[in-house]
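According to my numbering, the stretch in the sequence shown is residues 6 to 117, in order.
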Amino acid sequence: VIFFILMALASYWVLPAFGQLLAFISPNIGAAVGAGSLLMTLFTLTMGFLIIPNDIPPWYIWIYWINPLRYMLQGFVVSEIGGKTSEVDEQLASNFSWSYDDRWWYCYVVTI
């Protein structure tokens, strides 16, 4: 329960902070909206759910590793369905390369 609450609070903090960062570094509103739309599309495609990490092309895999949406998704999924049975943990590990034991790492990365 504590982990879920921490991840929810961190998630509510990350996306507005990302939007504020883009607004600060952009010359105008249009540029911020355009850059935000492009980056959120790339983040959504490379967070590891729509395209699993093994299928992401090597020249885009760096987006997967810096993606804050990836850590949010992994944290929520492994906290909700992971750790209940070894079969579920094996499926998470084989299909997505996610581990229930790494759930605090995901929370740590999102809060940074």
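By construction, the Cβ of each residue, glycine as well, lies at the ideal position given by its N, Cα and C atoms.
Please classify residue i as buried or exposed, where buried requires at least 16 other C-beta atoms within 10 Å of its C-beta.
i: N72; result: buried
i: V6; result: exposed
i: Y17; result: exposed
In terms of residue numbering, what span does the alpha helix (DSSP H) encompassing residue i cover?
i: F8; result: 7 to 30
i: W67; result: 66 to 71
i: M45; result: 34 to 50
i: L97; result: 91 to 101
Taking a contact to mean a Cβ-Cβ separation below 9 Å, would you say residue i touches residue j in this structure?
i: S84; j: F8; result: yes
i: G53; j: L78; result: yes
i: F48; j: L74; result: yes
Whose C-beta lies closer than 6 Å to the C-beta of residue i among residues of the same chain, with five residues either side of it excluded?
i: A28; result: A37
Please work out which residues of its chain come closer than 8 Å, Cβ to Cβ, to residue i, disregarding the five sequence neighbours upstream and downstream, and give them in chain order.
i: D107; result: Q79, V83
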